[in-house]
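As structure tokens, the structure follows; a few thoughts come after it.
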Amino acid sequence: MRLPHRLFLIVLAGLVWLVGSYPLQARPADVVVPNAHQSRPQAQQSDEPLQVVTKVFEPFVIKDGDDFKGFSIDLWTEIVRRMGRQYEFIEVETVDDQLAAVAQGKADVAIAGITMTSEREHSVDFSYPYFKAGLQIMTRRERSLPFVNLMTVIFNPAMLEIVGIFFLIMLIAAHAVWLVERRNNPDFPQTYWRGIWEALWWSAVTVTTVGYGDKTPRGFAGRMLGLFWMFAGLFLIAHFTAGITALLTLQQWDSNISTEADLHGRRVATVQGSTSDDFLREQRISATRVESIEEAYDLLAKKRVHAIVYDAPVLLYYITTNNTDFQVTGEVFATEHYGIALPMDSPYREAINLHLLEIMEDGTYNLIYERWFGVTAE
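Structural data, given as structure tokens:
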């Protein structure tokens with residue numbers, strides 16, 4: 000009986016060894032299958048508030064005591080609310096300061112009205128664009144005295160040309176009537192200078208339909224000429240009046256600076272380091288570069304510059320919220336887009352873009368846009 004007992008123990012030990020050495024297979028319940036949310040890169044969760052660097056850029060960022068408000072601020076507040084994160088604002092003076100803080104890792108996010116450019120993309124990353132803008136020209140709205148406006152129109156080269164042509168035509172008509180009437184009509188003396196003077200008088204009163212009647216042609220040729228001159232006068236007076244009206248309209252509304260081409264040779268102000276600064280350099284337009292748009296407004300008010308070139312929404316907002324003699328002229332040019340700047344390979348970019356798209360799709364963006372610009376986004 001001892002031999003079978005030992006054999007049983009040997010077989011049992013062999014089975015134990017065999018089971019222990021066999022590789023275990025994972026049960027289906029043990030396999031972790033990533034779901035859709037787990038496959039998307041997630042922003043690193045932390046109790047530390049996001050450091051957001053911003054600058055005053057009305058109406059996108061407006062300083063309100065120790066707080067900030069504005070279009071970009073409202074948009075950012077909604078994004079981080081959906082992210083479930085806290086944040087702190089860091090105020091700087093220029094866009095270059097914002098970009099430097101993000102590029103050097105001193106801030107997590109930069110927002111205001113930062114234009115997305117290929118050059119800036121080399122040092123920072125951007126979110127999806129959230130605002131379409133462009134550049135525009137601001138000038139003074141001149142308010143001259145009526146007498147000054149009248150003198151300006153009278154001595155306008157175009158006006159002098161119109162008057163000169165009109166006088167030349169009257170002089171031709173005067174010579175014609177004098178040549179056919181001078182022998183048989185005492186109203187038109189035979190001597191040249193006196194005769195032409197009297198004929199010019201007749202030409203003027205006839206073409207203007209005044210017709211004093213003190214001088215009239217008597218011969219058949221003279222009367223036919225007078226009849227033709229009367230009808231021609233209707234056309235000439237209408238043309239003359241239209242020319243004056245056009246000049247008066249231009250004098251009232253034309254600021255002489257309405258396109259980029261008009262900026263050459265003028266004193267122009269812009270903000271240093273802005274995309275408007277880059278545009279003026281590319282177009283080789285000399286400009287006075289200042290640190291803030293407020294300095295540019297001051298230069299324009301003091302007539303030290305003829306125009307300001309800057310972001311169109313900022314200029315329009317300033318005009319609508321201030322009692323000013325400024326105006327924007329011409330169309331928006333050099334279209335650009337604003338985006339949120341982040342450090343390269345930022346862990347927050349994916350989440351920011353996701354919530355930015357949600358905000359645009361669910362109507363929240365239009366509500367914020369209408370709050371600050373009075374109309375819905377196009």
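The opening position of the sequence shown corresponds to residue 0 in numbering that gives the first Met the number 0, with each subsequent residue numbered one higher. The C-beta atom is built at its ideal place from N, Cα and C for all residues, glycine as well.
For this session: Give me the Cβ distance between A268 and V327, rounded to the nearest whole Å; I'm assuming they're in contact under 8 Å.
Result: Here residue 268 corresponds to residue number 269 of the sequence shown, with the count starting at 1. Here residue 327 corresponds to residue number 328 of the sequence shown, with the count starting at 1. Their Cβ separation, rounded to whole angstroms, is 14 Å, which puts A268 and V327 out of contact at 8 Å.
Exercise. Per DSSP, L341 is paired with what?
Worked result: Reading the sequence shown from its first residue, position 342 is the one you call residue 341. Paired residues: D124.
Problem set entry | Continuous beta strand (DSSP E) assignments of at least 3 residues falling wholly in the segment 57-82 | 61-63 and 66-68
For this session: Note the first and the last residue of the continuous beta strand (DSSP E) segment covering E90.
Result: Counting from one through the sequence shown, the residue named residue 90 turns up at place 91. Note, E90: beta strand (DSSP E), Y86 to E90.
Exercise. Less than 8 Å separating the beta-carbons of Y127 and L74?
Worked result: Residue numbering aside, residue 127 sits at position 128 when the sequence shown is read from its first letter. Residue numbering aside, residue 74 sits at position 75 when the sequence shown is read from its first letter. Cβ distance not < 8 Å, so Y127 and L74 don't count as in contact.
Problem set entry | Whole-Å CB distance - F239 paired with I161, under 8 Å assumed | The residue labelled residue 239 in the question sits at position 240 within the sequence shown. The residue labelled residue 161 in the question sits at position 162 within the sequence shown. Right, their Cβ atoms sit about 6 Å apart.
For this session: Select from T114, I113, P188 and G232 the residue whose C-alpha is nearest the C-alpha of F166.
Result: By one-based count along the sequence shown, residue 166 stands at place 167. Comparing Cα positions, the closest option is G232.
Problem set entry | Contact the segment 84-96 vs the segment 312-321: 3+ CB pairs below 8 Å | no
For this session: Mind checking which residues open and close the beta strand (DSSP E) that includes Q135?
Result: Locating residue 135 in the sequence shown gives position 136, where the first residue counts as 1. From DSSP, the beta strand (DSSP E) with Q135 extends over F130 to R139.
Exercise. Skipping 5 residues on each side, what residues in its chain have a beta carbon closer than 7 Å to that of I110?
Worked result: Against the sequence shown, residue 110 aligns to sequence position 111. Once the five neighbours on either side are set aside, the close Cβ partners of I110 are V51, T53, S71, W75 and I339.
For this session: Sort out for me which residues DSSP pairs V327 with in a bridge.
Result: Within the sequence shown, numbered from 1, the residue matching residue 327 stands at position 328. According to DSSP, V327 bridges with M137.
Problem set entry | Q135 burial status per 10 Å Cβ neighbour count (16 or more: buried) | For the purposes of this step, residue 135 is identified with residue 136 of the sequence shown, where counting begins at 1. So Q135 counts as buried.
For this session: Please confirm whether L49 and D124 have their CB atoms less than 8 Å apart.
Result: Here residue 49 is taken as the residue at index 50 of the sequence shown, counted from 1. Here residue 124 is taken as the residue at index 125 of the sequence shown, counted from 1. No.
Exercise. Whose C-alpha, out of R348, K62, Q103 and L353, is nearest the C-alpha of F88?
Worked result: Indexing the sequence shown from 1 puts residue 88 at position 89. Out of R348, K62, Q103 and L353, K62 has the C-alpha closest to the C-alpha of F88.
Exercise. With 16 other CB atoms within 10 Å as the buried threshold, where does T205 fall?
Worked result: Position 206 of the sequence shown, counting from 1, holds the residue named residue 205. Its Cβ being crowded by 16 or more others within 10 Å, T205 is buried.
Exercise. Near I307, which residues of its chain fall below 6 Å by C-beta distance, leaving aside the five closest residues on each side in sequence?
Worked result: Sequence index remark: in the sequence shown, residue 307 carries index 308 (1-based). Here the set comprises M137, A268, A295 and L299.
For this session: Report the option in I367, D186, R283 and L199 whose CA atom is closest to the CA atom of A172.
Result: Here residue 172 is taken as the residue at index 173 of the sequence shown, counted from 1. The candidate whose alpha carbon is nearest that of A172 is L199.
Exercise. Whose C-alpha, out of R139, S202 and N183, is nearest the C-alpha of M380?
Worked result: Past the boundaries of the shown model lies residue 380; the chain is included only from 0 to 377, so the question cannot be answered.
For this session: Give the DSSP-derived three-state secondary structure of S198 in the structure shown.
Result: Within the sequence shown, the letter at position 199 stands for residue 198. With the sequence shown as reference, residue 198 is identified as Ala, and Ser is not the correct amino acid for it. Helix.
For this session: Give the DSSP-derived three-state secondary structure of E335 in the structure shown.
Result: Taking the sequence shown and counting its residues from 1, the one referred to as residue 335 is at position 336. E335 falls in the strand class under three-state DSSP.
Exercise. Buried or exposed: which applies to G104, given that a residue is buried once 16 or more other Cβ atoms fall within 10 Å of its Cβ?
Worked result: Reading the sequence shown from its first residue, position 105 is the one you call residue 104. Under this definition G104 is an exposed residue.
Exercise. Buried or exposed: where does Q97 fall if 16 or more other Cβ atoms within 10 Å of its Cβ makes it buried?
Worked result: By one-based count along the sequence shown, residue 97 stands at place 98. Result: buried.
For this session: Please report how far the alpha carbon of M229 lies from the alpha carbon of T258, in whole angstroms.
Result: Taking the first residue of the sequence shown as position 1, residue 229 is located at position 230. Taking the first residue of the sequence shown as position 1, residue 258 is located at position 259. Computed Cα separation, rounded: 44 Å.
Problem set entry | Coarse secondary structure for A109, derived from DSSP in three states | Locating residue 109 in the sequence shown gives position 110, counting from the first residue. If DSSP states are grouped into helix, strand and coil, A109 belongs with the strands.
Problem set entry | R119, buried or exposed, once every other Cβ within 10 Å from all chains shown has been counted against 16 | The residue labelled residue 119 in the question sits at position 120 within the sequence shown. Its Cβ being crowded by 16 or more others within 10 Å, R119 is buried.
Exercise. So R280 is in the alpha helix (DSSP H); what residue range does that whole segment cover?
Worked result: Stepping through the sequence shown from its first residue, residue 280 is reached at position 281. Looking at the DSSP string, the run of the alpha helix (DSSP H) that includes R280 is T274 to E281.
Problem set entry | Identified DSSP bridge partners for D310 | By 1-based counting over the sequence shown, the position of residue 310 is 311. Answer is L134, bridged to D310.
For this session: In angstroms with no decimal places, state the Cα-to-Cα distance between P342 and T114.
Result: Here residue 342 corresponds to residue number 343 of the sequence shown, with the count starting at 1. Here residue 114 corresponds to residue number 115 of the sequence shown, with the count starting at 1. Roughly 16 Å between the two C-alpha positions.
For this session: Count the other C-beta atoms from every protein chain shown that fall within 10 angstroms of the C-beta of P185, then say buried if there are 16 or more, exposed otherwise.
Result: Locating residue 185 in the sequence shown gives position 186, where the first residue counts as 1. Its Cβ having fewer than 16 others within 10 Å, P185 is exposed.
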